[in-house]
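Undergrad:
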Amino acid sequence: MSTNHLSSGTPSSVTLNNVSFSWPDGTLALSTLSGSFGTGRTGLVGSNGAGKSTLLRLIAGQLSPSTGQIGAPADIGYLPQNLALDAGVTVAGLLGVADKLAALRAIESGDVAEEHFEVLGDDWDLETRADEALRAIGLSAADLGRSVTEMSGGEAILVAITGLRLRQAAVTLLDEPSNNLDRDARARLRTLLASWPGTLLVVSHDTALLEVMQTTAELHAGALTVFGGPYSAWRENQDVLQAAAAQSVRSAEQRLKAEKRQRVEAEGTLARRAHIAQKSYDNRSAAKIVMHQKASNAQVSAGKLRSGGDDRVHEAQTALDAAATRLRSEESIHLELPDPGVPAGKGIAELRDGASGSTIYLHGPERVALVGANGVGKSTLLETLLGGRPADAGRAGGRLLTERVGYLSQRLDGLDPDASAVENVRAAAPRTPVGEIRNRLARLLLRGDSVTRPVATLSGGERFRVALARLLFAEPPAQLLVLDEPTNNLDLPSVDQLVAALRSYRGALLIVSHDDAFLARLGLDRVLELGADGSLGDLG
3 MSTNHLSSGT PSSVTLNNVS FSWPDGTLAL STLSGSFGTG RTGLVGSNGA
53 GKSTLLRLIA GQLSPSTGQI GAPADIGYLP QNLALDAGVT VAGLLGVADK
103 LAALRAIESG DVAEEHFEVL GDDWDLETRA DEALRAIGLS AADLGRSVTE
153 MSGGEAILVA ITGLRLRQAA VTLLDEPSNN LDRDARARLR TLLASWPGTL
203 LVVSHDTALL EVMQTTAELH AGALTVFGGP YSAWRENQDV LQAAAAQSVR
253 SAEQRLKAEK RQRVEAEGTL ARRAHIAQKS YDNRSAAKIV MHQKASNAQV
303 SAGKLRSGGD DRVHEAQTAL DAAATRLRSE ESIHLELPDP GVPAGKGIAE
353 LRDGASGSTI YLHGPERVAL VGANGVGKST LLETLLGGRP ADAGRAGGRL
403 LTERVGYLSQ RLDGLDPDAS AVENVRAAAP RTPVGEIRNR LARLLLRGDS
453 VTRPVATLSG GERFRVALAR LLFAEPPAQL LVLDEPTNNL DLPSVDQLVA
503 ALRSYRGALL IVSHDDAFLA RLGLDRVLEL GADGSLGDLG
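Every number in the numbering used here is 2 more than the matching position in the sequence shown, counting from 1.
As structure tokens, then:
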């Protein structure tokens, strides 16, 4: 069935009625999903593969449900996860005001053609409103004619979101809007969204951004649930619910054990009664008719006892099954990694300040974060450090003091897509038996056929864990791990798993990330900030 767009007079909300969606190859993405999103700001969370992006595309009308109905206003704004930009697009075009602005300019120059007035409508203050909106993200009306190719990716995303706000659609959908945004851009985005009019639905794994939301919705196990509060309140509520569910499971397990024990004891009692009855019958201790009556009564009594015991065991098992359905089986990574042998005084790397020429030394098992605005060259610095490109004059650079280095790029391009997870890891650890590799992958929650299928067929989260396994299980162990924006496109459980893995690692870490919440959990020793002028400052 198709999406049912409601009239413009309908309150800005979205309803889902038994919505299912399958891809052309038959893969089921969503099944009989029901629920609603009301006016206000809602953060949508869920594991990778749960169907969050697919759901946004269905609401936006880019996809049609296989079955079921979606009720939504006709006016919907949508920002996809990967924003494709034409090199010829200007800031005005990205804002969605290029045609109106051109009409305004024509009228101001003396062209009174009727079509200009039709295009402009009542938006005579368009330039003033655009200037006000752009200033909120660090730009102004003077930037309206700039090409997006002159801007960073983060600036372009903020402009596109600002354009959606100017449009004031009844419903706005944003898919991972903070990906690849630097710290300042993320702060501007939070400010921009905090007073958003109408209905706003945001898919994100950025916990700071999710705190700006008024409501938290979750896609889990094929169901949509909505909680009235930001992510932290939802997380706390989930922890309480899971603790209660765990207690219910323990109580149900104890009851089941007790009922089974009583059932065994009842069988023992019946066996003793049968033995006494048989002995009495053999000794002819009573008249034959009396003995038969006693045997008949005993059979009836035994049947009732067995039936009652079976019923109580069945009821206890049913209660346990019901309690278990409320308990989530969210596994955690538990690793015992080899010690890479990094003495405290061992030199690991040298990083050169491009502005002053001074050198920052990394020693021993230090955990260091490299931060800085979009476009200042953090990834370039990593490539220079790893020997992939020469350092430009006046730019930050560096050199390694160890050959045992593991690198995880944003693109995960170190994997062989046609090889399996086992084969990819064994390429980095050729002396490790296949069985041990399987065991180690299982500790990273990669099991079953996911370790033997081609990596290209795995989900993004699974591919990431294969890439992480190559680094963590390499022979000999890497003394330095270099990670470039490792949390991009990871769901919240996967971020938790990454933190657990990195906290188990006893070598040196150099991590580029804009995710402050993630960095705060790693026990960092130092934070280095790269400036636009090539300077490299030690923030401590």
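Beta carbons: idealized from backbone N, C-alpha and C, even for Gly.
Computed from a predicted structure; not experimentally measured.
1. Can you round the beta-carbon distance between GLU233 and LEU212 to whole angstroms, since I take them to be within the 8 Å contact cut?
2. Helix, strand or coil for PHE520, going by three-state DSSP, please let me know.
3. In angstroms, rounded to a whole number, what distance separates the CA positions of GLN264 and THR454?
4. Of the residues LEU46, ALA115 and ASP125, which one's Cα is nearest the Cα of VAL228?
5. Measure the C-alpha to C-alpha separation of GLY224 and GLN240 and round it to an integer number of angstroms.
6. What three-state label does DSSP hand ASP77 in the structure shown?
7. Straight-line CA distance for ALA219 to LEU195?
8. Please report the Cβ distance between LEU1 and ARG190, rounded to the nearest whole angstrom; I am assuming they are in contact, meaning their Cβ atoms lie under 8 Å.
9. If we count the other Cβ atoms within 10 Å of its Cβ and call it buried at 16 or more, is LEU30 buried or exposed?
10. In the DSSP assignment, the beta strand (DSSP E) including LEU349 goes from what residue to what residue?
11. Look up PRO495 in the DSSP assignment and say whether it is helix, strand or coil.
12. I'd like to know if the segment 122-141 and the segment 25-42 are in contact, where contact means that at least 3 CB-CB pairs between them fall below 8 Å.
13. Do ILE513 and LEU372 have their CB atoms nearer than 9 Å?
14. Taking three-plus beta-carbon pairs below 8 Å as touching, is the segment 463-483 in contact with the segment 433-452?
15. From the DSSP output, in three-state form, read off TYR409 for me.
16. Tell me which same chain residues have a C-beta within less than 6 Å of the C-beta of THR361, skipping the five on either side of it?
17. Give a yes or no on whether the C-beta atoms belonging to LEU532 and GLY509 are separated by under 9 Å.
18. Can you look up ASP177 in the DSSP assignment and give me helix, strand or coil?
19. Beta-carbon within less than 7 Å of SER55's beta-carbon, same chain only, minus the 5 sequence neighbours each way: which residues are those?
20. Sorted by chain position, which residues of the same chain lie with C-beta nearer than 7 Å to VAL529's C-beta, five sequence neighbours on each side aside?
21. Quick check on TYR233: does DSSP put it in helix, strand or coil?
22. If I follow the unbroken alpha helix (DSSP H) through GLY165, where does it start and stop?
23. Leaving aside the five residues before and after ASN20 along the sequence, list all residues of the same chain whose C-beta is less than 7 Å from its C-beta, in chain order.
24. To the nearest angstrom, how far is the alpha carbon of LEU226 from that of GLY73?
25. Determine the DSSP secondary structure at GLN71, reduced to helix, strand or coil.
26. According to DSSP, is ALA89 part of a helix, a strand, or is it coil?
27. Could you work out which residue in ARG169, HIS207, GLY200 and ILE109 is closest to LEU494 when comparing CA atoms only?
28. So, with DSSP's three-state summary, where would you put ASN50?
29. Where DSSP assigns a beta bridge to PHE39, which residues make up the other side?
30. So LEU417 and ARG369 are supposed to be a Cβ contact under 8 Å. How far apart are they, rounded?
31. Quick one: residues in its chain with C-beta nearer than 7 Å to the C-beta of GLY53, no 5 flanking neighbours on either side, listed in chain order?
32. Who are PRO435's beta bridge partners in DSSP?
33. Given this structure, state the Cα-to-Cα distance separating SER578 from GLN64, to the nearest angstrom.
34. Where do the ends of the beta strand (DSSP E) carrying VAL529 lie?
35. Run the CB neighbour count on TYR363, radius 10 Å, all protein chains shown included, and call it buried at 16 or more, exposed below.
36. Grab me the residues of GLU116's own chain with a C-beta within less than 6 Å of its C-beta, minus the 5 sequence neighbours each way, in chain order.
TA: The structure says:
1. According to the sequence displayed, residue 233 carries Tyr and not Glu. Yes, TYR233 and LEU212 are in contact; Cβ-Cβ is about 4 Å, under 8 Å.
2. helix
3. 47 Å
4. LEU46
5. 17 Å
6. coil
7. 17 Å
8. Summary: the structure shown does not reach residue 1, with the chain confined to residues 3 through 542, and so no result is reported for it.
9. exposed
10. Looking at the sequence itself, residue 349 is Gly, so the reference to Leu does not match. GLY349 -> beta strand (DSSP E) spans 349-354.
11. helix
12. no
13. yes
14. yes
15. strand
16. GLU352 and ARG354
17. no
18. strand
19. GLN83, ASP177 and VAL205
20. ALA371, VAL373, LEU541 and GLY542
21. helix
22. 155-169
23. THR34, SER36, THR69 and GLY70
24. 16 Å
25. strand
26. coil
27. HIS207
28. coil
29. VAL16
30. Rounded, the Cβ-Cβ distance is 25 Å, inconsistent with contact.
31. ALA31, LEU32 and LEU221
32. According to DSSP, which records beta bridges pairwise, PRO435 is partnered with nothing at all.
33. No statement about residue 578 is possible, as the shown extent of the chain runs from 3 to 542 and does not include it.
34. 528-532
35. exposed
36. none
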